[in-house]
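Reviewing the structure listed below.
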Amino acid sequence: MADGRARVAASILDADLSNLAYAVRRVQKAGADRIHLDVMDAHFVPNLTFGAKTIKHLRKRTELPFDAHLMVDEPGRFLDEYLDAGCDSITFHVEIDEEIEPTLRRIRAAGRAAGLAVKPGTPLSALEPYRDLLDIVLVMTVEPGFGGQSFMKDVAQQKLLAARDLFSHRAFGGEVHVDGGINRETAEFAGGLGVDILVVGSALFIKGHDMGREIRLIRALADEGYQYALNGGVPPIPRDRMVTFTSLPKHLAHRLLEEIEAGGVPAVMLRGAGQMNPDGVRDYDVLVPASAESIVTERHAAARAAYQRAAVAWREAFIAEHGIIPPPSHP
Ligand code: DX5
Ligand code: ZN
C-alpha cells in the first residue's frame with residue numbers, strides 16, 4: 001500500500017489485449033493500487049474492448065481491486081454480469097439514455113461502489129440528481145474511446161475540485177477519479193485539484209520506461225501538487241525535514257530526547273557544531289521533524305530551559321572538579 005494520498009488505477013486499455021493476464025500481473029508487480037477496466041461497446045464510443053466475461057477471468061489473476069469504467073449504452077441491462085465478474089466498483093456514464101438511478105441502486109445493493117462518469121463536454125450539474133447515490137465521480141479529461149490522447153487541462157481545472165463538492169453531504173468516503181492523459185507532466189496539476197484516483201493508461205506502457213517508476217512518480221507528483229495547493233502555493237514541509245530543537249551536553253540531550261519520544265514524536269540526536277564543553281565534547285543537537293516542531297515546543301519548552309540551566313551547572317561543576325580538558329586535536 002502506498003503511503004501518500006493519491007492512488008493510481010492502471011488502465012490496461014493500452015496493454016496487449018491478447019495477453020491481459022500478463023498485463024494485470026505486470027501492473028500489480030509494478031505497484032499499481034487498482035486496475036481500471038475500460039469496457040467499450042462500439043455504440044457509446046466508437047471502439048470495442050472487452051466485457052464482463054474477460055473481467056471475470058482476469059479476476060483470478062490478481063488481488064488488486066477492479067474499477068470498471070463502462071463506456072456503454074446500456075450498463076443496466078448487463079449489470080448483473082459485471083457484478084458477477086467481481087468488479088469492486090462500477091462507474092458508467094451519465095450521458096446514456098437508459099435510466100440511471102436503478103442501476104446505481106443495484107450496484108450499491110450488491111455492496112460495490114457506484115460511480116458516474118462525465119465526458120469533457122458534460123457539466124457536473126448533470127450528476128446533481130444522483131449525488132446521494134454516488135461513491136465515485138469520474139471526470140474524463142479526454143473524449144472517451146481511446147488511450148493515449150492529450151490531457152484537457154481546462155476541463156480538469158473546471159471540474160476536479162468542483163467534483164469534490166458533490167460529496168459534501170457525506171462525512172467520509174467519496175472518490176474523485178480523473179481519467180485521460182495522466183502522466184508525469186499532468187499528475188501534479190491533477191493532484192493539486194484534490195483527486196483521489198489517477199487513472200493511468202498509455203503512460204504505463206511506454207517502451208523503455210520502467211512501469212513501477214512511472215507509478216511512483218505519478219503518485220508522488222500528485223501528492224506534492226496536493227500539498228502545495230493546500231499550503232497556499234508555498235512548497236510544503238517535506239515529511240522528513242528535521243529541525244534543531246536545542247543543543248545540550250550529551251547526557252542531557254539524551255534525557256530530553258527520551259522525553260520527546262515518550263510523547264510519540266520521533267527525535268534524533270546528532271553531534272552538532274555547537275558549544276564545546278569542558279570535557280572536550282561538543283553539545284549534541286536534538287532534532288525533531290519540522291512538522292512536529294510546534295507541538296514539541298508547546299510540550300517541552302519548559303524542560304528545554306531547565307536542561308539548559310542544568311547544562312550551565314554541569315559545566316561549572318565539571319570545571320571545578322577536573323578543570324578544562326582540551327578537545328582532541330586532529331593533526
Ligand atoms: C478512455 C479511457 C481511459 C484511457 C486512459 O476512454 O476511459 O481510461 O484509456 O488512457 P490514457 O491514460 O492513455 O489517457
Ligand atoms: Zn477509463
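According to the numbering used here, the sequence shown is numbered sequentially starting from 1. For glycine and all other residues, C-beta sits at the position ideal for the given N, C-alpha and C.
Boundaries of the alpha helix (DSSP H) around Tyr-307: 293-322. Of Ala-30, Asp-283 and Ile-35, the smallest CA-CA separation from Ile-12 is found for Ile-35.
Taking 7 Å as the cut-off, the Cβ atoms of Ala-114 and Leu-83 do not count as close. Note: Arg-282 is bridge-paired with Met-276 in the DSSP secondary-structure output. Here Leu-198 is actually not in contact with Val-176; their C-beta atoms are around 10 Å apart, not less than 8 Å. Counting only the Cα atoms, Pro-123 lies some 21 Å from Gly-192.
At a Cβ-Cβ threshold of 7 Å, Leu-257 and Val-281 do not count as neighbours.
Glu-99 is classed as exposed because its beta carbon has fewer than 16 other beta carbons within 10 Å across all chains shown. Between the alpha carbons of Gly-76 and Asp-67 lies a gap of roughly 16 Å.
Rounded to whole angstroms, the gap between the alpha carbons of Ile-218 and Thr-297 is 35 Å.
If only uninterrupted beta strand (DSSP E) runs of at least 3 residues are considered, those enclosed by the segment 33-57 are 34-40. Taking the Cβ of Leu-104 as the reference point, every heavy atom of the ligand DX5 lies at 6 Å or farther away. The DSSP-derived three-state label of Thr-62 is coil.
If the five residues before and after Ala-85 are omitted, its C-beta is found closer than 7 Å to the C-beta atoms of Ala-52, Ile-55, Lys-56 and Arg-59, all from its own chain and listed in chain order.
By the criterion of a C-beta distance shorter than 7 Å, Val-178 is surrounded in its chain by Val-139, Thr-141, Ala-156, Leu-160, Ala-190, Val-195, Leu-198 and Val-199, once the five residues flanking it on both sides are discounted. The C-beta of Lys-119 has 16 or more other C-beta atoms within 10 Å across all chains shown, which makes the residue buried.
Uninterrupted beta strand (DSSP E) stretches at least 3 residues long and entirely within the segment 137-215 occur at 175-179 and 197-200, given in chain order.
For the pair Met-211 and Ala-30, the CB atoms are nearer than the 7 Å cut-off.
Phe-205 counts as buried, since at least 16 other C-beta atoms from the protein chains shown sit within 10 angstroms of its C-beta.
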